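Novice: Protein chains in written order, with the working numbering: chain A, 31 to 275; chain B, 31 to 275.
Even for Gly, the Cβ is constructed at its ideal location relative to N, Cα and C.
No experiment lies behind these values; they were computed from the predicted model shown.
Protein chains: 2
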Amino acid sequence: MNDHSVHVQCGECPIRHRAVCARCETDELAKLEQIKYYRSFQAGQTIIWSGDRMEFVGSVVTGIATLTQTMEDGRRQMVGLLLPSDFVGRPGRATAAFDVTATTDLVMCCFRKKPFEDLMATTPHVAQRLLEMTLDELDAAREWMLLLGRKTAREKIASLISIIARRDAALHLKRASGKLSVVLPLTREEMADYLGLTLETVSRQISALKKEGVISLEGNRHVQIPDLDRLLEEAGDDSDGGMLV
Amino acid sequence: MNDHSVHVQCGECPIRHRAVCARCETDELAKLEQIKYYRSFQAGQTIIWSGDRMEFVGSVVTGIATLTQTMEDGRRQMVGLLLPSDFVGRPGRATAAFDVTATTDLVMCCFRKKPFEDLMATTPHVAQRLLEMTLDELDAAREWMLLLGRKTAREKIASLISIIARRDAALHLKRASGKLSVVLPLTREEMADYLGLTLETVSRQISALKKEGVISLEGNRHVQIPDLDRLLEEAGDDSDGGMLV
DNA sequence: GGTACTCCTTGACCCAGATCAATCGACAGG
DNA sequence: CCTGTCGATTGATCTGGGTCAAGGAGTACC
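#1: Could you tell me which chain A residues have their CB closer than 7 Å to the CB of W174 (chain B), listed as they occur along the chain?
#2: How big is the Cα-Cα spacing for S192 (chain A) and T228 (chain B)?
#3: Let me confirm a value: D33 (chain B) is counted as buried when at least 16 other C-beta atoms fall within 10 Å, else exposed. Which label applies?
#4: Taking the DSSP output, what are the residues bridged to Q75 (chain B)?
#5: Could you list which residues in chain A have their beta carbon closer than 7 Å to that of T228 (chain B), in chain order?
#6: From what residue to what residue does the alpha helix (DSSP H) around R159 (chain B) run?
#7: Any beta carbon of chain B sitting closer than 7 Å to that of D135 (chain A)?
#8: With DSSP run on the structure shown, which of helix, strand or coil describes T228 (chain B)?
#9: Under 7 Å between the Cβ atoms of Q99 (chain A) and L261 (chain B)?
#10: Could you pull out every residue in the same chain whose Cβ sits closer than 7 Å to the Cβ of K181 (chain A), ignoring the five residues on either side in sequence?
#11: For the stretch 73-87 of chain B and the stretch 123-140 of chain B, state whether three or more C-beta atom pairs, one from each stretch, are separated by less than 8 Å.
#12: Would you mind working out which of B:S211, B:V90, B:V232, B:R105 sits nearest R184 (chain B), comparing C-alpha positions?
#13: Pull up the CB-CB distance for L258 (chain A) and R120 (chain B), whole angstroms please, since I reckon it's below 8 Å.
#14: Does DSSP classify K209 (chain A) as helix, strand or coil?
#15: According to the neighbour-count rule (16 or more other Cβ atoms, all chains shown, within 10 Å of its Cβ), is K143 (chain B) buried or exposed?
#16: Pick out whichever of A:I94, A:R251, A:D116 has its Cα sitting closest to the Cα of T134 (chain A).
#17: Which residues does DSSP pair with A151 (chain A) in a beta bridge?
#18: Output needed in chain order: residues of the stretch 99-110 of chain A with a Cβ under 9 Å from some Cβ in chain B.
#19: Select from A:Y224, A:D223, A:E230, A:R251 the residue whose C-alpha is nearest the C-alpha of V213 (chain A).
#20: Of all the beta strand (DSSP E) runs that stay within the bounds of the stretch 93-158 of chain A, which reach a length of 3 or more residues?
#21: Can you tell me where the alpha helix (DSSP H) holding L258 (chain B) begins and where it ends?
#22: Would you say A126 (chain B) faces chain A, with C-beta separation under 7 Å as the test?
#23: Look up K1 (chain B) in the DSSP assignment and give the residues it is bridged to.
#24: Any idea if Y68 (chain B) is buried or exposed, counting beta-carbon neighbours within 10 angstroms, 16 or more meaning buried?
#25: Using a Cβ-Cβ cutoff of 7 Å, what residues of the stretch 151-167 of chain A are near chain B? List them in chain order.
#26: Relative to the alpha-carbon of T217 (chain A), which residue among A:I65, A:Q64, A:K66, A:G74 has its alpha-carbon at the smallest distance?
#27: If we define contact as Cβ-Cβ less than 7 Å, is R142 (chain B) a contact residue for chain A?
#28: Is the Cβ-Cβ distance between G179 (chain A) and G226 (chain B) less than 7 Å?
#29: Less than 6 Å between C-beta atoms, sequence neighbours within five positions excluded: which residues of the same chain meet that for A222 (chain A)?
#30: Is there a Cβ from chain B that is less than 7 Å from the Cβ of L178 (chain A)?
#31: Assuming L149 (chain B) contacts K61 (chain B) under a Cβ cut-off of 8 Å, what Cβ separation, rounded to an integer in Å, is found between them?
#32: Taking A171 (chain A) as the query, report the chain B residues whose CB atoms sit under 7 Å from its CB, ordered along the chain.
#33: According to the neighbour-count rule (16 or more other Cβ atoms, all chains shown, within 10 Å of its Cβ), is S276 (chain B) buried or exposed?
In structure tokens:
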């Protein structure tokens with residue numbers, strides 16, 4: 031779209047907001063600084079319920095949040111995983127479409143929606159940048175549809191681990207030198223909700239992958255990946271070609 | 031975002047393009063007219079392969095197209111269904127992320143990508159309108175994730191029929207007066223690919239819904255819905271409340 | 001120490017939906 | 001007319017992952 035891919039590093043935020051572009055919006059930054067504020071949430075706290083009025087947009091600074099959908103009888107499906115630097119909120123939308131929950135302690139950098147939308151209306155690059163991000167999310171959602179609709183439980187688990195590894199590597203800007211290892215940011219139940227499985231099946235498949243040496247575990251959350259290509263093969267992804275990011 | 035919800039009716043196109051907004055862009059319409067052209071495709075023809083360079087964006091004028099993803103071993107998942115007035119293409123993206131296929135004979139109204147992007151850069155409302163549409167698609171994709179991950183085969187079928195009924199009603203701007211009836215635009219196999227099932231299961235579940243009077247069939251494709259609320263209940267959707275659109 | 005959490009693992013059994021296979025109807029071509 | 005093709009239906013059987021249930025491991029608090 032344009033090559034202004036440098037992202038805004040705003041004030042004291044430890045993250046770069048992916049929503050706005052630094053090179054062309056330097057004079058707009060002051061406006062953003064004026065309307066921004068921070069909010070903290072505790073692990074387990076619901077940030078917004080589906081259908082609630084949503085008065086802000088923002089980025090995750092630290093911690094993990096999830097987007098989930100629940101049927102009346104309690105069946106749940108996670109439809110989004112929000113890691114640091116991910117954008118939350120829908121400019122042009124009054125209400126949230128899904129439940130947003132903090133699964134760990136969480137800090138967000140928020141902008142009140144109205145002034146943010148005003149900014150968007152006057153600076154075309156912000157809307158374009160947001161469009162680009164939304165298209166990325168849409169692509170990710172569609173990849174996830176393949177996983178939910180067609181992959182086996184084992185492939186689902188392998189996919190989840192490799193996706194977390196990929197996003198982790200992107201986040202820390204490090205190409206893993208030696209052994210690749212990841213911390214799973216979710217409980218078995220949350221993984222199950224993301225993958226369209228039960229927590230028992232998640233546990234069994236993780237055990238199986240461990241037994242066969244595809245991964246190894248240290249504690250419940252810490253996963254080592256001795257051979258990334260092997261894991262990607264188990265995930266059934268074509269042409270991911272081992273490239274992280 | 032803004033209330034300019036009137037859509038462009040461009041030239042001889044029988045549809046209103048949802049991508050651009052008439053009220054505020056009247057002087058931009060001429061530019062769109064200059065760069066637009068039509069393309070026809072035959073039923074079964076692939077419009078773009080995933081990974082191909084994509085030189086245009088556009089809207090479906092008549093016919094049906096699908097977005098699909100295929101694994102090396104042949105497992106397929108449909109990730110999008112494109113009906114007339116739906117937008118195709120990704121401004122700011124060089125290549126297609128999924129296969130786009132015409133499932134019926136199809137006419138599209140296209141705009142070459144470069145000039146369209148230029149237009150977008152100079153007229154903020156176009157980018158905003160596109161963002162709005164992309165957010166809609168993202169919502170739809172996430173609803174679909176709930177379907178793929180958690181619904182039973184019967185619920186999936188009922189959901190598909192009610193979604194087609196809804197979009198049909200929106201398209202024809204008619205609130206069905208008497209009996210509600212829909213033409214399924216997909217073969218059983220295509221439905222299966224959309225729902226993450228096999229074609230046999232699709233067939234069986236349709237037969238079951240018919241036997242129990244939830245729907246009735248005339249030929250293979252024509253479905254009558256005697257009681258929409260009953261169908262929505264079978265679909266497991268909460269709070270859809272029977273409102274079409 | 002004991003008790004009570006929460007999260008995870010493992011086993012035994014079952015069933016919804018996949019798989020394999022036969023049949024049917026509609027329609028086109030020779 | 002027969003023959004072939006394509007989509008749909010229906011039956012018989014199998015199996016991956018769900019369900020139910022019983023521990024185990026870690027941690028916090030009394």
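Specialist: So, to answer that:
#1: Taking the first residue of the second sequence as 1, we reach residue 174 (chain B) at position 144. What W174 (chain B) touches in chain A: M175.
#2: Counting from one through the first sequence, the residue named residue 192 (chain A) turns up at place 162. Counting from one through the second sequence, the residue named residue 228 (chain B) turns up at place 198. Going from the Cα of S192 (chain A) to the Cα of T228 (chain B) covers about 28 Å.
#3: The residue given as residue 33 (chain B) occupies position 3 in the second sequence. Any answer about D33 (chain B) is weak, because its pLDDT of 38 lies below 50 and its placement is not dependable; what the coordinates show is given next. So D33 (chain B) counts as exposed.
#4: On the second sequence, residue 75 (chain B) is found 45 positions in, with the first residue counted as 1. Per DSSP, none; premise fails for Q75 (chain B).
#5: Numbered from its first residue, the second sequence carries residue 228 (chain B) at position 198. Those do not exist, as T228 (chain B) stays about 11 Å from chain A at its closest Cβ, beyond 7 Å.
#6: Residue 159 (chain B) sits at position 129 when you count from the first residue of the second sequence. Run containing R159 (chain B): 154-180, per the alpha helix (DSSP H) assignment.
#7: Taking the first residue of the first sequence as 1, we reach residue 135 (chain A) at position 105. False, the Cβ-Cβ gap to chain B never drops below 7 Å.
#8: For this step, residue 228 (chain B) is matched to residue 198 along the second sequence. Three-state DSSP puts T228 (chain B) in coil, outside helix and strand.
#9: Sequence index remark: in the first sequence, residue 99 (chain A) carries index 69 (1-based). Sequence index remark: in the second sequence, residue 261 (chain B) carries index 231 (1-based). No, these two residues do not count as a Cβ contact at 7 Å.
#10: Taking the first residue of the first sequence as position 1, residue 181 (chain A) is located at position 151. Within the same chain, K181 (chain A) has close Cβ partners S189, G266.
#11: yes
#12: Locating residue 184 (chain B) in the second sequence gives position 154, counting from the first residue. Ranking B:S211, B:V90, B:V232, B:R105 by Cα distance to R184 (chain B) puts B:V232 first.
#13: As a working note, residue 258 (chain A) is residue 228 in the first sequence. As a working note, residue 120 (chain B) is residue 90 in the second sequence. Contact flag wrong, Cβ pair sits at about 29 Å.
#14: To locate residue 209 (chain A), count along the first sequence from 1; it is residue 179. The answer is coil: DSSP assigns K209 (chain A) none of H, G, I, E or B.
#15: Within the second sequence, the letter at position 113 stands for residue 143 (chain B). Buried, since its Cβ has 16 or more Cβ neighbours within 10 Å.
#16: Residue numbering aside, residue 134 (chain A) sits at position 104 when the first sequence is read from its first letter. Checking every option, the nearest Cα to that of T134 (chain A) belongs to A:I94.
#17: By one-based count along the first sequence, residue 151 (chain A) stands at place 121. DSSP output for A151 (chain A) lists no bridge partner at all.
#18: Q99, T100, M101, E102, D103, R105, R106, Q107, M108, V109, G110
#19: Position 183 of the first sequence, counted from the first residue, corresponds to residue 213 (chain A). Considering only alpha carbons, the answer is A:R251.
#20: 95-100, 106-112, 129-132, 136-142
#21: The residue labelled residue 258 (chain B) in the question sits at position 228 within the second sequence. Residues 258-265.
#22: For the purposes of this step, residue 126 (chain B) is taken as the residue at position 96 of the second sequence. No - not a single Cβ of chain A is within 7 Å of the one on A126 (chain B).
#23: The question about residue 1 (chain B) has no answer here: the residues shown for chain B are numbered 31 through 275.
#24: As a first step, residue 68 (chain B) is located in the second sequence; it is residue number 38 there, counting from the start. Exposed: under 16 other Cβ atoms inside 10 Å.
#25: A151, P154, A157, Q158, L160, L161, E162, T164, L165, E167
#26: Residue 217 (chain A) sits at position 187 when you count from the first residue of the first sequence. Among A:I65, A:Q64, A:K66, A:G74, the Cα nearest to that of T217 (chain A) belongs to A:G74.
#27: Residue 142 (chain B) sits at position 112 when you count from the first residue of the second sequence. Taking Cβ atoms only, chain A never reaches closer than 7 Å to R142 (chain B), which makes this a no.
#28: Stepping through the first sequence from its first residue, residue 179 (chain A) is reached at position 149. Stepping through the second sequence from its first residue, residue 226 (chain B) is reached at position 196. Contact flag set, yes.
#29: The residue labelled residue 222 (chain A) in the question sits at position 192 within the first sequence. Excluding sequence neighbours, A222 (chain A) sits near T228, L229, V232.
#30: Here residue 178 (chain A) refers to the residue found at position 148 of the first sequence. Closer than 7 Å to some Cβ of chain B, the Cβ of L178 (chain A) qualifies, so yes.
#31: Translated into the one-based positions of the second sequence, residue 149 (chain B) becomes position 119. Translated into the one-based positions of the second sequence, residue 61 (chain B) becomes position 31. About 6 Å separates the two Cβ atoms, so the contact holds.
#32: Numbered from 1 along the first sequence, position 141 holds the residue referred to as residue 171 (chain A). Within 7 Å Cβ-Cβ: L168, A171, R172, M175.
#33: It is not possible to answer for residue 276 (chain B), since the shown part of chain B is limited to 31 through 275.
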